[in-house]
Each structure stands twice: as structure tokens, then as C-alpha cells.
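Chemist:
Number of protein chains: 4
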Amino acid sequence: MAESARKFERIAFVASEVPEALAARDRLVARYGNVEPKEADAIVALGGDGLMLQTLHRFMGDRIPIYGMNRGSVGFLMNEFAEIDLIGRLQRAVITEIHPLAMKATDESGTCHKGLAINEVALFRQTYQAAKLALSVNGQVRLEELICDGVLVATPAGSTAYNLSANGPIVPINAQLLALTPISAFRPRRWRGALLANTARIGINVLEPAKRPVSAVADNLEFRSIVQVEISQASDIDLYMMFDPDHDLDERILSEQFRY
Amino acid sequence: MAESARKFERIAFVASEVPEALAARDRLVARYGNVEPKEADAIVALGGDGLMLQTLHRFMGDRIPIYGMNRGSVGFLMNEFAEIDLIGRLQRAVITEIHPLAMKATDESGTCHKGLAINEVALFRQTYQAAKLALSVNGQVRLEELICDGVLVATPAGSTAYNLSANGPIVPINAQLLALTPISAFRPRRWRGALLANTARIGINVLEPAKRPVSAVADNLEFRSIVQVEISQASDIDLYMMFDPDHDLDERILSEQFRY
Amino acid sequence: MAESARKFERIAFVASEVPEALAARDRLVARYGNVEPKEADAIVALGGDGLMLQTLHRFMGDRIPIYGMNRGSVGFLMNEFAEIDLIGRLQRAVITEIHPLAMKATDESGTCHKGLAINEVALFRQTYQAAKLALSVNGQVRLEELICDGVLVATPAGSTAYNLSANGPIVPINAQLLALTPISAFRPRRWRGALLANTARIGINVLEPAKRPVSAVADNLEFRSIVQVEISQASDIDLYMMFDPDHDLDERILSEQFRY
Amino acid sequence: MAESARKFERIAFVASEVPEALAARDRLVARYGNVEPKEADAIVALGGDGLMLQTLHRFMGDRIPIYGMNRGSVGFLMNEFAEIDLIGRLQRAVITEIHPLAMKATDESGTCHKGLAINEVALFRQTYQAAKLALSVNGQVRLEELICDGVLVATPAGSTAYNLSANGPIVPINAQLLALTPISAFRPRRWRGALLANTARIGINVLEPAKRPVSAVADNLEFRSIVQVEISQASDIDLYMMFDPDHDLDERILSEQFRY
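Chains as they are written, first to last, in our numbering: chain A, 1 to 260; chain B, 1 to 260; chain C, 1 to 260; chain D, 1 to 260.
#1: Using a cut-off of 7 Å between C-beta atoms, extract the partners of R142 (chain D) located in chain A.
#2: Would S184 (chain B) pass as a contact of I202 (chain A) if the rule is Cβ separation under 8 Å?
#3: Which residue marks the beginning of the beta strand (DSSP E) containing Q46 (chain A), and which one marks its end?
#4: Can you tell which of C:T111, C:P100, C:I64 and C:L90 has its C-alpha closest to the C-alpha of Q233 (chain C)?
#5: Rank C:T181, C:Y67, C:S136 and C:A122 by C-alpha distance to the C-alpha of A93 (chain C) and give the top, closest one.
#6: Locate the alpha helix (DSSP H) running through E256 (chain D), then write down its first and last residues.
#7: Quick test of the definition: if touching needs 3 or more C-beta pairs under 8 Å, does the segment 97-115 of chain A touch the segment 74-88 of chain A?
#8: Can you name the residues of chain D whose CB is closer than 7 Å to the CB of N220 (chain C)?
#9: Note down, one range per segment and in chain order, each beta strand (DSSP E) of at least 3 residues found wholly within the segment 102-189 of chain D.
#10: With a 10 Å radius around its C-beta and 16 neighbouring C-beta atoms as the bar for buried, classify G139 (chain B) as buried or exposed.
#11: Shortest alpha-carbon distance to A122 (chain A) belongs to which of A:N220, A:E9 and A:L195?
#12: Please name the residue or residues paired with M69 (chain D) in a DSSP beta bridge.
#13: Measuring straight from C-alpha to C-alpha, what distance separates I237 (chain B) and G61 (chain B)?
#14: For N286 (chain C), which of C:L177, C:G48 and C:A12 has the nearest alpha-carbon?
#15: For the alpha helix (DSSP H) containing V29 (chain D), name the first residue and the last one.
#16: I'd like to know whether the C-beta of N205 (chain B) is nearer than 8 Å to at least one C-beta of chain C.
#17: Using 8 Å as the threshold, is the C-beta distance between Y162 (chain A) and N205 (chain A) below it?
#18: At a Cβ cut of 8 Å, what residues of the segment 152-178 of chain C count as close to chain B, listed as they run along the chain?
#19: Exposed or buried, what is I43 (chain A) when buried is set at 16 or more other beta-carbons lying within 10 Å of its beta-carbon?
#20: Taking 8 Å as the CB-CB cut-off, is I73 (chain C) touching chain D?
#21: Can you tell me where the alpha helix (DSSP H) with I87 (chain B) in it begins and where it stops?
#22: For the beta strand (DSSP E) that M60 (chain A) lies in, which residues bound it at each end?
#23: Ordered along the chain, which non-local residues of its own chain (more than five positions away) have a Cβ less than 7 Å from that of F243 (chain A)?
#24: Which chain D residues are close to V217 (chain C), counting only those with a beta carbon under 9 Å from its beta carbon?
#25: Are any of the Cβ atoms in chain A nearer than 8 Å to that of E3 (chain B)?
#26: For D149 (chain B), count the other beta carbons within 10 Å of its own beta carbon; 16 or more makes it buried, fewer makes it exposed. Which is it?
#27: Across which residues does DSSP place M52 (chain A) in a beta bridge pair?
#28: In whole angstroms, give me the CA-to-CA distance for L196 (chain D) and E17 (chain A).
#29: Excluding sequence positions up to five away, which residues of its chain have a Cβ less than 7 Å from the Cβ of K38 (chain C)?
#30: Look up E39 (chain D) in the DSSP assignment and say whether it is helix, strand or coil.
#31: Please report the distance separating the alpha-carbon of S136 (chain D) from that of R125 (chain A).
#32: So if DSSP puts S225 (chain C) in a beta bridge, which residue, or which two residues, is it bridged to?
#33: Would you say T155 (chain A) and I231 (chain A) are within 8 Å of each other, going by their C-beta atoms?
#34: Can you find a C-beta in chain D that's less than 8 Å from the C-beta of V14 (chain C)?
#35: With a 10 Å radius around its C-beta and 16 neighbouring C-beta atoms as the bar for buried, classify I84 (chain C) as buried or exposed.
#36: Going along the chain, which residues of the segment 19-48 of chain A sit with their C-beta nearer than 7 Å to a C-beta in chain D?
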């Protein structure tokens with residue numbers, strides 16, 4: 001994380017489909033122009049956290065910094081909206097580099113599905129039958145049988161989202177950690193999960209998959225009837241989010257921990 | 001709950017499909033005879049908790065006491081297995097009377113499905129989309145929007161099962177209470193649920209059901225794409241479980257609270 | 001709990017020592033008169049929850065109903081303040097009958113101290129040394145060794161207070177239960193406590209009391225260097241709190257469970 | 001953490017006061033000799049975790065690696081006991097470097113007390129009166145008023161100890177984090193604490209200290225009637241603990257997270 005020394009001359013605007021976001025885009029385009037995202041020095045995303053995640057996914061390999069401005073309902077990843085001084089704000093912004101999780105999920109037919117997740121990879125039971133999972137870390141089985149609704153692996157950026165609902169800990173953005181968090185652990189009862197080094201390779205085997213079907217989800221990308229999942233950090237993919245100084249992601253996650 | 005003054009002359013045996021349970025049944029039938037369940041003074045169920053729940057459901061309206069003996073993997077509701085002195089044990093047994101929950105679940109086509117639950121009624125998201133639910137108690141809305149994986153209503157007998165995995169409290173068998181427990185509450189975050197009088201009528205409306213499909217499950221009976229659920233105790237249905245004295249259900253739930 | 005058929009002609013006013021409460025008392029006395037508490041049909045307590053607890057303690061054996069009006073900072077047990085229509089409100093009020101806990105605490109010198117608690121009895125370590133406690137229920141040891149900061153037993157009325165901070169469940173006012181809740185259980189780790197019938201007699205032995213001194217507190221009455229404690233509900237002491245209909249204690253505790 | 005290239009010729013033995021530990025020391029001294037701890041290449045500590053903490057404190061500034069062997073009741077920080085091959089085991093051992101927390105605690109008379117903590121610094125109420133604390137991180141107030149039994153700051157090494165009892169997360173030994181964990185938070189209710197960068201300076205002001213006296217404890221060193229505390233990692237003090245490969249501290253904390 002460092003103040004950016006980059007120039008911000010070519011800006012691309014993207015917006016969510018709500019009127020407030022679309023109107024904001026039109027006014028900003030009129031004021032600052034608009035280029036193709038792939039040619040931009042920065043992409044400005046207008047909407048809520050959902051749009052930010054979408055935009056990060058859409059330009060996953062392009063290494064273009066993304067600056068969100070809040071025109072949506074949840075704005076944890078978004079800066080405050082203003083029309084003026086956009087170039088100045090981009091130049092003063094702090095750039096946070098994050099890495100997604102890479103998921104490889106094999107389904108019952110043997111097909112391997114891949115997905116990337118900025119927030120979390122989650123496994124979840126598809127029917128009333130509880131999931132039975134075996135968990136391994138770096139190839140070593142750590143839990144032979146977890147009976148549960150599911151389990152998730154969250155990045156620090158995602159630790160304030162689904163992970164928090166499942167009673168996982170909020171993790172500072174710079175901590176080199178992933179949160180492995182069970183969803184309604186039935187046995188071992190009261191197992192609360194683990195904080196793992198972000199170099200960990202997490203393997204999950206679905207036991208009795210015919211009787212107990214399980215889906216796997218990377219952020220919003222869902223695959224059904226999964227039998228095996230591998231999760232690890234994609235260290236080769238760099239994502240850049242831009243935040244106004246004093247409200248950077250580190251500060252947001254810190255202050256989220258003192259919310260109540 | 002009281003020691004039974006009944007006579008136990010006609011016994012019906014039911015068993016789960018595992019060899020150990022079937023063999024036990026054959027030996028017990030040879031020793032004590034076997035009648036049709038509907039004509040029995042008591043039904044003896046040989047297996048684990050799954051079989052006990054099945055047997056309770058199967059003879060739901062028949063008011064015949066059920067005595068479980070453990071030939072399965074989980075035996076929280078089962079007495080210790082022995083071949084000898086069965087009649088004596090039945091005569092000395094404590095009878096616990098419980099009432100199931102009645103669920104009425106309306107699906108997206110307007111069809112109303114009914115189910116009875118001895119442990120719990122649970123609502124659960126069907127896809128990666130979090131459920132949005134409105135909760136009311138006795139006709140009064142208590143939570144206008146709960147974003148979550150789901151929610152459950154458990155009886156005291158069921159409070160040690162799924163309810164416990166979702167961090168709900170264990171409830172003594174004689175407490176006149178139901179546990180309303182959220183599953184991974186996302187917003188209001190850290191909402192922990194409520195203990196309600198067992199006379200409460202609980203209503204759950206599924207919000208945005210097309211985008212966020214939800215299933216409803218009464219014990220093991222699942223209905224998909226549900227839009228509205230009503231849950232209340234079926235006080236007119238009496239179920240009788242028999243337990244050896246000193247190991248009755250009250251004691252089991254109490255000692256479960258001191259397990260760790 | 002029932003609407004009162006009593007007459008309310010003689011009222012006694014008590015107030016906490018803050019100016020707002022004292023001024024309210026003077027105006028109400030001028031309007032409605034004032035009698036000695038022991039001769040009153042009702043005692044009106046002006047202040048916050050602290051004053052309500054004090055007043056309940058002060059007139060513990062007198063069986064006079066107490067109606068609180070909020071002139072303090074925390075008003076969970078208080079009705080809304082108004083000067084007008086006091087007699088009408090008293091006549092319409094719902095009377096909730098509660099029973100305190102009786103504590104008998106024996107100290108290292110063998111002296112036995114008694115106390116009554118409307119909210120909770122709590123045991124707590126006095127120094128950095130963790131407490132070691134043995135817990136029994138109705139004379140049967142349930143936990144031979146609990147290493148912890150302490151443990152508490154809460155009434156339903158007190159379940160929203162200290163018990164809640166220690167992660168105990170909120171209990172409806174009419175549930176015939178007590179909450180036994182550990183404070184920072186170290187071993188058995190993650191032991192979460194138990195809901196007990198309100199007829200339970202709870203015994204707590206302090207182990208290694210010289211090395212690990214423990215105090216025992218009934219509401220605000222603290223005894224130091226305690227070696228043994230007995231706790232049970234004082235069913236012979238009836239306390240009457242009065243609440244405006246639609247905001248009675250049952251409703252307050254219910255709605256507290258839906259707060260977040 | 002790296003395999004040690006050091007030579008281990010001069011060994012000092014220390015033991016706890018239990019017969020088993022003392023007898024082990026005598027046999028090991030007979031076999032391997034014994035030097036003054038300050039002149040040793042390694043100190044071998046015979047006892048349980050309590051002795052390990054004592055030994056780390058006693059030789060805090062001496063930069064001598066300490067190898068524990070379990071002759072006590074709790075051996076989370078201890079290697080398995082054996083008399084043979086001690087030199088070989090020391091040479092193969094993995095050395096984990098940790099840093100203590102430095103506490104500066106000012107009491108009501110203005111006296112400043114200093115202490116070092118390998119596990120945690122904890123503040124705790126001295127009487128039945130709940131503590132009121134203001135919490136700041138790096139000079140910025142994060143919680144203006146925390147009403148609670150207390151609060152603690154734990155190192156990763158200490159995260160499996162008192163921090164775990166207070167429901168704090170277990171932190172991997174190499175994570176650059178400290179756990180700030182409340183003890184029975186009453187208000188903000190259900191505040192769960194925060195994971196902070198290990199460069200954080202944590203300040204705690206005791207509010208209303210005369211009415212609500214609070215003690216501060218660095219591991220086992222307790223100061224009473226404290227009004228202000230500063231806590232930060234003592235990065236200039238290096239402590240070295242030695243572990244048999246495959247059972248190093250990182251692995252122990254990881255496997256502790258999968259215990260249940």
C-alpha cells in the first residue's frame with residue numbers, strides 16, 4: 001500500500017444499473033471524458049460493493065486500479081461520492097493491492113470448474129441433508145469429518161462479509177492470513193475454524209456426495225454437485241483498489257472491528 | 001413425565017436397515033413375540049436417533065409409547081441395548097410427552113404444504129443468494145429484514161440438534177419454550193435469535209423469493225421455493241418416548257449442557 | 001401476570017439522587033400526596049434500573065407493587081415518565097411477579113453470608129489467578145473443575161443484564177428457568193453454560209481458595225474470599241413490578257431478543 | 001524460524017518444584033552436566049507451561065534459547081520428555097523467535113509500573129463494579145466507553161490461552177498481529193474485539209477509577225488500582241523457544257485450531 005505516483009489522464013467509468021448511478025456516470029463522463037476500460041489509467045466504478053466486486057472480476061487480469069464512488073446501498077469498498085476534483089482524488093488515493101482466491105471445483109461428473117474469489121470461496125449443502133466434509137491444509141488432513149451446513153475460506157477483504165456472519169474473525173487487510181470458517185458446525189460441535197497462512201492450500205473433500213450434495217461458490221459464481229475443491233491464493237493476480245487517504249481499506253477494516 | 005402404570009404385554013419391534021439392528025430385532029421377536037404396531041402397548045425401536053425420529057413420525061397420531069434401544073451411531077434418544085428384562089424395563093420406564101411443531105409452507109405456485117417436526121422447522125437458502133426473511137411472532141413483525149443463510153425453530157427435544165450447531169441454546173425438555181435461531185445472520189449482524197413461549201405462532205415471509213429461493217424443512221421433509229411459512233406447536237398431538245429412569249430425556253438434555 | 005384489580009389510593013414516591021428524579025418526585029408528591037412506603041398501595045420509583053433494583057431490595061418482604069418511571073440513564077425496568085393520569089396508569093398496569101435468588105456464601109473463616117438477588121448471583125476471581133470451581137446441581141456434581149474468571153446464575157429478569165455480557169441466553173420472564181453461565185471458561189474450553197429448572201439448587205465449591213480467592217456477589221452485595229456458595233430461587237418471596245400494558249416485562253424481554 | 005546451526009555444548013537445566021521434574025533434572029545433569037544459565041548454549045526447562053513462562057521471564061534479556069521438556073500438567077510449549085539424545089534433539093530443533101508485550105501501567109497515585117508479557121496483558125475489575133474503559137489504538141480513540149469485566153491484549157503465542165477463554169481468535173505464530181479481546185463486554189454489547197497489527201500501540205484509560213477499580217496484569221505480574229495502561233510489542237527483546245521439528249510452535253497453534 002503506497003500513495004500512487006501514477007498519472008490519471010484517461011478514466012473509464014462503469015456504473016450499476018440503478019438510476020442514481022447511471023445519472024452520476026453521465027455527469028462525470030461529461031466533465032472528465034471516458035475511455036475504454038482496458039486503455040484507462042483508472043476505472044471509476046459508480047454503485048455499491050456489488051458493482052465493485054463485479055468490476056474487479058471483469059478486469060481481473062488487467063492490472064488497472066479501480067476507484068469506487070458510492071451510489072449504492074452498501075459502500076464498504078466505496079469512496080464518498082463527489083463530482084469535483086476527481087483527478088486530484090485519484091492522485092492522492094492510496095492503492096491497496098489484493099489477491100483473489102483461486103478455486104478448482106470438481107463435480108460428480110469429473111468436470112473441473114475454475115473460479116476466482118475476491119471475498120470468499122464457500123461450500124454449501126444443496127438440500128436438507130447436512131454436508132459431510134474432510135478438510136486438509138497443505139495436503140495434510142486436519143479434520144476427517146466435519147458435519148455442517150458448509151465451510152468458507154475468506155480473504156482479509158472478504159472477512160467482513162459472509163465470514164463475519166458465520167462468526168469468523170475480521171482480519172486486517174495486510175495480515176498474511178486466510179480465514180477458514182465453518183457454517184453451523186454440527187460435529188465437531190462448536191468448532192470455530194482457523195486462521196491460516198495465506199500460502200496455505202486448502203483441500204475439501206465432499207463425503208457421501210450423492211446423499212449429501214454440496215455446491216461450491218467463488219464470490220457469486222456457483223457450481224452444483226461438487227465432490228472436491230482446492231483453494232489457494234492466486235498470488236500472481238494483482239488487483240488494485242484505490243481509497244481516499246484516511247479512509248483506506250486498512251482503516252475501514254480496523255474501524256469495522258470497533259463497530260457494534 | 002411420570003412412571004408409567006401401563007401394562008406392556010403386546011410389543012411391536014421396528015429396526016433400522018443395518019445388520020446389527022436387524023439381528024437384534026430377530027432375537028427380540030423370538031424372545032418376546034411381535035404384534036402389529038397399531039395394536040401394540042409399546043413400540044420398541046432398534047437403531048439410532050434417525051430411526052427414533054422416523055418411528056415417531058410414522059405413528060404420529062397413534063398415541064403409542066416408543067422405547068428406543070441403541071443399535072445405531074447416534075443414540076441421544078435411545079436407551080442402552082439389552083435383550084433381557086425388556087418387560088421390566090418398559091414397566092419401570094419414564095414416559096416423556098412431547099409435541100411436534102406444525103409447519104404450513106406456501107410455495108411460489110400458491111400450493112400449501114404441511115409437515116410435522118419433532119426436532120425443528122428450518123428455512124434455508126437454495127442457491128448462493130442469501131435469504132431475505134421477515135419474521136413475525138403472534139402476528140407482530142419483529143424483524144423486517146433478516147439477511148441470512150436461514151432460520152430455524154426448534155423444540156426442546158430438537159434444541160440439542162441443528163439448533164445447537166447454529167449456536168442456539170439447549171432448552172430443558174419441560175421448559176415451555178421454542179428456540180428461534182438464525183443461521184449465519186448477515187444483517188442484523190450478530191443477531192442471536194430468541195427464546196419464545198411455546199404458544200407462539202411464528203410467521204416467516206421470504207422476501208425476493210425469485211432471486212433468493214428458499215426451502216423449508218420439517219425434520220427431513222423438504223419443500224422447495226417457499227414464499228411463506230407458519231410454525232406453531234401442535235398441542236393436540238401427543239408423542240410418548242420412554243426412557244430408563246435416571247437416564248430420562250430431561251436428564252439427557254441437562255447432562256448435554258454440561259458436555260464439552 | 002394479570003391486570004390488577006387492586007385500588008391505588010395511597011402512593012409512596014422514592015427517587016434516585018439525580019436532580020431530574022428529585023424534581024419529578026416533588027411535583028408528583030404535590031399532585032398525588034405521599035405516604036410511608038410500608039403503608040402504600042403502590043410505590044412509585046423515579047430513576048433508572050439501578051433505583052428499581054434498590055427499591056425492590058429495600059421493600060423485599062413487603063409485597064407492595066412497585067411502578068417505575070424513567071428518570072435515569074437505563075430504563076429497561078421503567079415505564080415512560082408522565083405526571084398526569086398516574087392513578088389510571090396504576091390501575092391499568094400489568095403486575096409481574098418475580099422471585100429473587102437466595103445466596104448463602106461461606107467465607108474462608110467459616111462465616112455464612114446471605115444475600116438476595118433480583119438479577120444474578122455471580123462468583124468472580126479476586127486476583128489474576130483464574131478461579132477453579134466445582135459445580136453441582138441438586139446435589140449432583142456436574143462439573144468437577146471449571147477453570148474460569150467466574151460463573152453466574154441469572155433469573156429471567158436478570159438474563160438481559162450481566163448474563164447477556166457473558167454470552168448467556170435471554171430468558172422469557174415466564175419461563176421457569178435459571179441461566180447458569182460461565183465467565184471466560186478456560187477449561188472445559190468453550191463450555192457455554194446451561195439453562196436449569198428454577199427449582200434447581202446450585203452449589204459451587206471454590207477449589208484452592210487460598211491461591212485462587214473468589215468473591216460472591218448477589219446483585220450489588222459482595223462478599224470476599226468465599227469458599228462455598230448455595231443458590232436457589234426464594235419462592236417464598238414475591239416481588240411485584242408494575243408495567244403499562246403493551247410494554248410489560250414479558251414484552252420488553254421479548255423485544256430485547258430482537259434488538260441488535 | 002529456522003533450524004539452528006548453533007552448537008550445544010554447555011547446557012543449563014532448570015526444573016519446577018514437583019518431584020517428577022526434580023528427579024528428571026538430576027538424571028539429566030548426571031548425564032549431560034550443568035552450567036550456569038547465563039553461560040549456557042541452551043537452557044533446558046523441565047516442567048509445564050508455567051515453568052516455561054517463568055524461565056522465559058527469568059532470562060528475558062539473555063538471548064539464550066530455551067528447550068522445554070514436559071514434566072508438568074500442561075505442556076503446550078513443551079517437547080516430549082526423553083533422557084536420551086538430548087544434544088541431537090537440540091541440534092535438530094527449530095527455534096521460534098517471539099517478542100513480549102511491554103506494559104506501562106500508571107496507578108492512582110501516579111506511580112508507573114512496567115511489566116513484560118509473553119502471553120497477554122489483561123485489565124480486570126477488582127470489585128463487583130463493572131470496569132469502564134476507553135480504548136485507543138495508535139493514539140486514536142476507537143471505543144470511548146467499554147463497560148465490561150475487562151479487556152486483554154494477547155500475542156500469537158498467548159492467543160491459545162486466556163484470549164481463547166474470552167472467545168478471542170487463535171492467531172498463527174507468524175502472523176504480525178495482536179488480539180485485542182474484551183472480557184464480558186456489557187456495552188457495546190456483543191463487541192467481539194479486534195485483530196491489530198503488531199506495531200499497534202494500545203492505550204487504555206480507566207474511567208471512574210475510584211468507583212470502579214481495575215487491576216492490570218502482565219502474564220502473572222499484577223498491579224492494582226490502575227488508571228492508565230500503554231501496551232505495545234517490545235520488538236527489541238528477542239526470546240527463543242526450541243521445538244522438535246514437526247512439532248514446532250507454528251504446527252502446535254495450527255493443530256490447536258483444529259482441536260475441539
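From the three backbone atoms N, C-alpha and C, an ideal C-beta is built for every residue, glycine too.
Modeler: The relevant details are as follows:
#1: Within the fourth sequence, numbered from 1, the residue matching residue 142 (chain D) stands at position 142. What R142 (chain D) touches in chain A: F258.
#2: Counting from 1 along the second sequence, the entry for residue 184 (chain B) is found at position 184. Counting from 1 along the first sequence, the entry for residue 202 (chain A) is found at position 202. For S184 (chain B) and I202 (chain A), no; Cβs fall outside 8 Å.
#3: To locate residue 46 (chain A), count along the first sequence from 1; it is residue 46. Checking the sequence, you will find Leu at residue 46 (chain A) rather than Gln. Residues A42 to G47.
#4: Residue numbering aside, residue 233 (chain C) sits at position 233 when the third sequence is read from its first letter. Of the candidates C:T111, C:P100, C:I64 and C:L90, the one whose C-alpha sits nearest the C-alpha of Q233 (chain C) is C:P100.
#5: Indexing the third sequence from 1 puts residue 93 (chain C) at position 93. Out of C:T181, C:Y67, C:S136 and C:A122, C:Y67 has the C-alpha closest to the C-alpha of A93 (chain C).
#6: In the fourth sequence, the residue the question calls residue 256 (chain D) occupies position 256. Where E256 (chain D) is concerned, the enclosing alpha helix (DSSP H) stretches over L249 to Q257.
#7: no
#8: Along the third sequence, one-based indexing puts residue 220 (chain C) at 220. The answer, in chain order, is Y128.
#9: 112-117, 120-125, 131-137, 140-148, 150-154 and 177-183
#10: Position 139 of the second sequence, counting from 1, holds the residue named residue 139 (chain B). So G139 (chain B) ends up on the exposed side.
#11: Here residue 122 (chain A) is taken as the residue at index 122 of the first sequence, counted from 1. If we check each option's Cα against that of A122 (chain A), A:N220 comes out closest.
#12: Counted from its first residue, the fourth sequence places residue 69 (chain D) at position 69. Paired residue(s): D:L46 and D:N79.
#13: By one-based count along the second sequence, residue 237 (chain B) stands at place 237. By one-based count along the second sequence, residue 61 (chain B) stands at place 61. Spanning the two alpha carbons is a distance of roughly 7 Å.
#14: Only positions 1 to 260 of chain C appear in this structure, which leaves residue 286 (chain C) out of reach.
#15: Taking the first residue of the fourth sequence as 1, we reach residue 29 (chain D) at position 29. From DSSP, the alpha helix (DSSP H) with V29 (chain D) extends over P19 to Y32.
#16: Translated into positions along the second sequence, residue 205 (chain B) becomes position 205. N205 (chain B) does not count as touching chain C.
#17: Taking the first sequence and counting its residues from 1, the one referred to as residue 162 (chain A) is at position 162. Taking the first sequence and counting its residues from 1, the one referred to as residue 205 (chain A) is at position 205. No. Outside cutoff.
#18: P169, I170, V171, P172, N174, A175, Q176 and L177
#19: Against the first sequence, residue 43 (chain A) aligns to sequence position 43. With 16 or more Cβ atoms within 10 Å of its Cβ, I43 (chain A) is classed as buried.
#20: Within the third sequence, numbered from 1, the residue matching residue 73 (chain C) stands at position 73. Correcting the residue type first, residue 73 (chain C) is Ser in the shown sequence and not Ile. No, S73 (chain C) does not count as interfacial toward chain D.
#21: Here residue 87 (chain B) is taken as the residue at index 87 of the second sequence, counted from 1. Run containing I87 (chain B): L86 to R92, per the alpha helix (DSSP H) assignment.
#22: The residue given as residue 60 (chain A) occupies position 60 in the first sequence. M60 (chain A) -> no beta strand (DSSP E), and no H or E assigned at all.
#23: As a position in the first sequence, residue 243 (chain A) is number 243, starting the count at 1. Cβ neighbours of F243 (chain A) beyond the five flanking positions: N79, A93, V94, T96 and L249.
#24: Within the third sequence, residue 217 (chain C) is the residue found at index 217, counting from 1. Within chain D, the residues near V217 (chain C) are T127 and Y128.
#25: As a working note, residue 3 (chain B) is residue 3 in the second sequence. Because the pLDDT of E3 (chain B) is 48, which lies under 50, any placement of that residue in the model is unreliable, and the number read from its coordinates should be weighed accordingly. Output row for E3 (chain B): interface = no.
#26: Working through the second sequence from its first residue, we reach residue 149 (chain B) at position 149. Classification for D149 (chain B): buried.
#27: Your numbering for residue 52 (chain A) matches position 52 in the first sequence. According to DSSP, M52 (chain A) bridges with nothing at all.
#28: Translated into the one-based positions of the fourth sequence, residue 196 (chain D) becomes position 196. Translated into the one-based positions of the first sequence, residue 17 (chain A) becomes position 17. One C-alpha to the other measures close to 37 Å.
#29: Here residue 38 (chain C) refers to the residue found at position 38 of the third sequence. Only D62 meet the Cβ criterion.
#30: As a working mapping, residue 39 (chain D) is identified with position 39 in the fourth sequence. Three-state DSSP puts E39 (chain D) in a helix.
#31: In the fourth sequence, residue 136 (chain D) corresponds to position 136, counting from 1. In the first sequence, residue 125 (chain A) corresponds to position 125, counting from 1. Going from the Cα of S136 (chain D) to the Cα of R125 (chain A) covers about 42 Å.
#32: On the third sequence, residue 225 (chain C) is found 225 positions in, with the first residue counted as 1. DSSP lists no partner for S225 (chain C).
#33: As a first step, residue 155 (chain A) must be located in the first sequence, where it is residue number 155. As a first step, residue 231 (chain A) must be located in the first sequence, where it is residue number 231. Taking 8 Å as the Cβ cut-off, T155 (chain A) and I231 (chain A) do not qualify as a contacting pair.
#34: For the purposes of this step, residue 14 (chain C) is identified with residue 14 of the third sequence, where counting begins at 1. No, V14 (chain C) does not count as interfacial toward chain D.
#35: For the purposes of this step, residue 84 (chain C) is identified with residue 84 of the third sequence, where counting begins at 1. Result: exposed.
#36: none
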